[in-house]
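Chains as they are written, first to last, in the working numbering: chain A, 1 to 387; chain B, 388 to 774; chain C, 775 to 1068; chain D, 1069 to 1362.
A virtual CB, placed ideally from N, CA and C, is assigned to each residue, including glycine.
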Amino acid sequence: MFRAAMDLLEYQGKQLFARHGVPVPSGSPATSLEQAVAAADEIGYPCVVKAQVLIGGRGKAGGIKVAADRDEAEAHARAILGMDIRGFTVHEVWIEAASDIAEEYYASIVFDRSAKKPLVLLSKEGGMEIEEVAERDPSLIARVHVDPLIGFQDFHARRLCFEAGLDGDLVRPVGALLAKLYEAFVREEALLVEVNPLTVGGDRSVTALDAKVTLDDNSLFRHPDNAELRNLSAEDPQEQMAKERGLTYVSLDGDIGILGNGAGLVMSTLDVVAQAGGAPANFLDAGGGSKAEAITSAVEVILNNPNVKAVLFNIFGGITRCDEVAQGLIEAFSSLDVTVPFVVRLDGTNDVQGRELLSQADLPNVHTEATMLGAAQKVVELAAGAR
Amino acid sequence: MFRAAMDLLEYQGKQLFARHGVPVPSGSPATSLEQAVAAADEIGYPCVVKAQVLIGGRGKAGGIKVAADRDEAEAHARAILGMDIRGFTVHEVWIEAASDIAEEYYASIVFDRSAKKPLVLLSKEGGMEIEEVAERDPSLIARVHVDPLIGFQDFHARRLCFEAGLDGDLVRPVGALLAKLYEAFVREEALLVEVNPLTVGGDRSVTALDAKVTLDDNSLFRHPDNAELRNLSAEDPQEQMAKERGLTYVSLDGDIGILGNGAGLVMSTLDVVAQAGGAPANFLDAGGGSKAEAITSAVEVILNNPNVKAVLFNIFGGITRCDEVAQGLIEAFSSLDVTVPFVVRLDGTNDVQGRELLSQADLPNVHTEATMLGAAQKVVELAAGAR
Amino acid sequence: MAVLVDTDTRLCVSGITGREGTFHALNNRTYGTQVVSGVTPGKGGQDVEGIPVFNTFHDAVAETGANTAMVFVPPRFAADSILEAEDAGVRLIVAITEGIPAHDELRVYNHLASKPDVRLVGPNCPGILSPGKANVGIIPASFFKEGNVGVVSRSGTLTYQIGNELAQRGFGNSSIVGIGGDPVPGSSFIDIIALFEADPETELIVMSGEIGGSAEEEAAEYIAAEVSKPVVAYIAGFTAPEGKTMGHAGAIVSGVAGTAAGKAAALEAKGIRVGRTPTEVAEVAAEIAASLTA
Amino acid sequence: MAVLVDTDTRLCVSGITGREGTFHALNNRTYGTQVVSGVTPGKGGQDVEGIPVFNTFHDAVAETGANTAMVFVPPRFAADSILEAEDAGVRLIVAITEGIPAHDELRVYNHLASKPDVRLVGPNCPGILSPGKANVGIIPASFFKEGNVGVVSRSGTLTYQIGNELAQRGFGNSSIVGIGGDPVPGSSFIDIIALFEADPETELIVMSGEIGGSAEEEAAEYIAAEVSKPVVAYIAGFTAPEGKTMGHAGAIVSGVAGTAAGKAAALEAKGIRVGRTPTEVAEVAAEIAASLTA
């Protein structure tokens, strides 16, 4: 579920599109006011100043502005750089040539997990409310599955265009854009490419005016250039720290730190803690075969969150050996200043040895429990006491 | 059978390989002595002067010579340029850096018509006598079919290398070369790519020291650069003339010109003429739906061969309309100086009209026959009379 | 009975608005084939003498229940059209187009190989004629009448020649199937002979091969092992020069040189009679037919 | 009886000379699984505590009659290893490897889809345990004993947790099948539930799902239509935050949001009971088992 994926900023997505021939407006990124104005001068006026954040609704939040001249460009860049958009700080803007827009369409390619094939979507109803369109009248969105072994064929493109109701003169250019988009999806090993809006100009040329791209972390070893695009500034500090240590961590709102091995067991642990009346502070999967070192790292990440009042370790050993987990916890306690209580439940491979190690170490304020349910109830009780 | 295909000269094949990363020695082509010497100077000594002809056995014929210095390069180029190798005149040489050769292997990729898959071959027994190896001990040639929808995988490469008995240190470099060769095969839409020898140097580097590439004429519209590589100088003049006119023509040794529609019918016509005691001068398929113009062209090509003593037209109309064929023959007679007898057999679509047209035109020395067998017998008789 | 095409055939013609497409679609309809629709992208909504034209095969199948496709588009568009027909649910695709790139054919063949209920005949073939029932393709139907000889052939015009020789001796045909002479035909001799073996109307099978490849040798094995009906074969190309393409690599691969003499020998080794000329094929067929009646 | 692995399993381990590969290959052998060979390119001729190692799956299959593969190689080599096992004739491939690129999984899945006699379980799964018969993978076998409950799960450790809760109430298992949590699993809930339905030893099926995708919703439809045996479900992730990947495009595609609540509702709408915690799953299973006996 918490599959490692990497969202690109709009401009990173457009640069990726451009490598595969998808038509995009020309532009430049800028992280400072000076860079922004220089870029606008270079591109010419009118141009558009666009906030680069990994969240939707930029336009409504005032993060996209047209500048008729240098003064406006400077004013917009000043307003947008540093702006907060739904919790994300704008560290970068993209200055791009203003486009002549006659129509706004929607196109995307996603993994259809059910069909196990890429699914290409095309609609004339582009713009912001595509989800609403999907709900109101699904027939307005043409959908075509592609057999990945044979790839995107001309007939797929024609079928999408005809079924979406495009004018005859747009079948070829939009079809060509979709073919290039598919190439980008496959060659860059994306999980999602989305163009909303895909614009038709007064001259009937087609352009990807926005770009949403999600890449597959697991494939980045084949794409060293993409691997460098990571936009760490937008990430939660604990999540960033966890990622650097190779752990899967998601921040939550509660006060009980959670560590488990295996995504399913961790999710289940969150549920059981919630049922027991507690509020998890995080999801942290230490992974299969967690070694002592990984456990020490994980404890550090969890405790880095100041909200954490108590921590639950829920380990069911398969590849993971419980004695390794115990060892990791002991090391964490020796190197960190731990002030919150821990509840530890160890079951599975080498559980007896693990529990024995813990008992010998006699760590302060560490409680062992025999069952997952018992451990959850105990940690909720301890967290409540610490509030 | 007479599928339109295009053989490349060695150096053209190497340049094509290089585009896909297959390691080849550096070199330059030359069509004159001056160019050859300049190329040799540029490459440095020792270098190799190699005749560029579309026929095997160049080495034995003295068409491949190592030059230790400029004098030798000049002498070799002088000897080789213009040399006749098994009926092919050498118009071009390839000057390449001399290689350090420790071992000579064989690799190729062909269409396996039976399996309907590309077949990759690899053998340690490279060099000239690969066919003999194939016959003597087929187990010396490793063979792997590739599913074209999934492409050449690492395991295909490993299996070929291990089954061919390569040393462990060569599995990776030879495997990588095969992967690139497969990429060249697919991307360039080749019918055959062959590397013989594939050399291993003293430093264990691997190189494609020769290149035999056959491209698919039908795909050249997608490869405009390749389409320009045609090496017309090596082709038979009638074949060249026919190709320019879009006809499929193969020169033969006899004196009876043959024209038919459809490769199968033409082949069958050759057989029937041979059975009747005649010797066909050519294979000429005017194609399905032959129009009058194509027929006129075809007559011109046939009569361009001075050996032709008589001509047989064998047409069974399907798409081809017999009246069009008759019209084409009449036009040919009006524009050409025809001195040999023609036997014409028209059957199928619009045959009555075709025969009527011919009868009205009353062409000199044109005989119509009702059956294929009768027509063959008649043309053999006429050719014998003209000898 | 007949094989592949008959009175249940509902034909959709890809490229119907082209000159050749229109000509043969109407020709097939005149013969009695149910030509229910055509496909030409961008011309959806038009018609060709009453045959409705659609932008996509999907529309054509949905609107007209087409179960058979005939592909007449130029070579560079043909693979796409075949794949589209399959994707739209058509189960028999007859590709007439000549000159399709070999790698396109390879991809199409291997893709369809995973769809056991879909059959491709061709490309570069004259199509299929079931006399008295349906004609899908360009075979000149007037030369052929209903009967009990099934003909399968790699060549177009040679098929007409052989069919004509058979007709002159009074034979009619259950079906005549042109499988095409390309290196990667969608259906092989074996595929079609298996259909004839199962077809009650077919009593005698004529197989017309030619030099190149090993399809005839493979058919010889199959016929010996699986076919109870008499088969007469013809091979064209005894006088042909050695193939100018593929050189010797082809022989290394298949272990056979693909010569006419080699093919005839392989067939005769399995007890299959081979006529040396189209005329002789008809004579052998007549002889076998006489022995069947006797 | 059991599903997928049993005493006829002849296992070949890809990546057997790696640390994890060696550990689990020997562990599986200790359990009683016939571990007949391993594959590590370049280490052909060696052995791992008596288990012969080959350079290729083709050699391993030819020499040791392996019918099942376990893939333990690093993610970048895993797709190749799965394809090699299939090409060599292995009919059950269990891929333990986590972190295989999604497009690799997609290609492998669609390639295997055209091979109906080949089954892939995983990747990113703990494998398959048929207690008392064979263990192929990393499931800690000591917690489980023979019995009549079939377990199928997207999660590894959660499977052990549920299996453990069941064991504490006296249940044994016919087989425990981890299908993995990746977006493109080789086998789905439906595939494995169909096997349990057909397995005489299995009397009760436990299905453990999690948020994301629509596999649980599809299984609910299938169970209602095709499965006669009782099924108890668990879904993990009620407390999880909205998925951070795929955003809303996923919902447009499948029409479902993939939430735990949505999945539980879909299952319950089809009459399938859903336990809210692993403990509750075991309690429901005990209740159903009691009613079966009664």
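When the options are compared against residue i, the one with the closest alpha-carbon
i              : options                       : result
residue 1002/C : 1013/C, 992/C and 972/C       : 972/C
residue 1175/D : 131/A, 115/A, 308/A and 319/A : 115/A
residue 433/B  : 404/B, 454/B and 529/B        : 454/B
residue 1194/D : 301/A, 264/A and 291/A        : 264/A
residue 712/B  : 461/B, 659/B and 683/B        : 683/B
residue 103/A  : 125/A, 60/A and 292/A         : 125/A
residue 1365/D : 1122/D, 1151/D and 1209/D     : For residue 1365/D there is no data in the structure shown, the boundaries of chain D being 1069 and 1362.
residue 190/A  : 182/A, 250/A and 147/A        : 182/A
residue 59/A   : 85/A, 35/A, 366/A and 222/A   : 85/A
residue 966/C  : 987/C, 997/C, 988/C and 946/C : 997/C
residue 438/B  : 527/B, 645/B, 747/B and 470/B : 470/B
Cβ-Cβ distance between residue i and residue j below 8 Å
i              : j              : result
residue 482/B  : residue 442/B  : no
residue 950/C  : residue 918/C  : yes
residue 587/B  : residue 492/B  : yes
residue 923/C  : residue 978/C  : yes
residue 77/A   : residue 93/A   : yes
residue 362/A  : residue 317/A  : no
residue 1056/C : residue 943/C  : yes
residue 130/A  : residue 120/A  : no
residue 891/C  : residue 928/C  : no
residue 1123/D : residue 1078/D : no
residue 426/B  : residue 419/B  : no
residue 566/B  : residue 539/B  : yes
Boundaries of the alpha helix (DSSP H) in which residue i is found, first to last residue
i              : result
residue 548/B  : 541 to 551
residue 36/A   : 33 to 43
residue 335/A  : 322 to 335
residue 971/C  : 963 to 972
residue 1278/D : Residue 1278/D -> not in any alpha helix (DSSP H); beta strand (DSSP E) instead, spanning 1272 to 1278.
residue 1098/D : 1087 to 1099
residue 747/B  : 738 to 748
residue 630/B  : 624 to 631
residue 855/C  : 849 to 861
Chain-ordered neighbours of residue i on chain D, where CB pairs are closer than 7 Å
i             : result
residue 317/A : 1208
residue 349/A : 1208
Cross-chain neighbours of residue i in chain B, by beta carbon under 8 Å
i             : result
residue 884/C : 503, 504, 534, 535 and 536
Interface residues of chain D facing residue i [CB-CB closer than 9 Å]
i             : result
residue 390/A : The question about residue 390/A has no answer, for chain A in this structure spans 1 to 387.
residue 274/A : 1306 and 1307
Listed by chain order, chain B residues near residue i by CB distance under 7 Å
i              : result
residue 1188/D : What residue 1188/D touches in chain B: nothing, since even the nearest Cβ is about 14 Å away.
Residue interval of the beta strand (DSSP E) (run including residue i)
i             : result
residue 282/A : 282 to 285
residue 169/A : It is not in any beta strand (DSSP E) - residue 169/A instead sits in the alpha helix (DSSP H) that spans 168 to 187.
residue 342/A : 342 to 348
residue 416/B : 414 to 417
Per-residue contacts from residue i into chain A (C-beta, under 9 Å)
i             : result
residue 842/C : The premise fails here: residue 842/C is roughly 18 Å from chain A at the closest Cβ pair, so nothing lies under 9 Å.
Under 8 Å by beta carbon: chain D residues contacting residue i
i             : result
residue 555/B : 1110
residue 280/A : 1307
Contacts that residue i makes with chain C (C-beta to C-beta distance below 8 Å)
i             : result
residue 684/B : Simply none; closest approach about 18 Å.
Proximal chain A residues relative to residue i, where beta-carbon distance stays under 7 Å
i             : result
residue 803/C : What residue 803/C touches in chain A: nothing, since even the nearest Cβ is about 25 Å away.
Taking three-plus beta-carbon pairs below 8 Å as touching, is the segment 1268 to 1278 of chain D in contact with the segment 1298 to 1305 of chain D?
-> yes
Would you check if there are 3 or more beta carbon pairs closer than 8 Å linking the segment 622 to 633 of chain B to the segment 645 to 664 of chain B?
-> A contact between stretches requires three or more CB pairs, one per stretch, nearer than 8 Å, and the segment 622 to 633 of chain B fails this requirement with the segment 645 to 664 of chain B.
Are the segment 839 to 857 of chain C and the segment 871 to 888 of chain C touching, with three or more C-beta to C-beta distances below 8 Å?
-> A contact exists between the segment 839 to 857 of chain C and the segment 871 to 888 of chain C.
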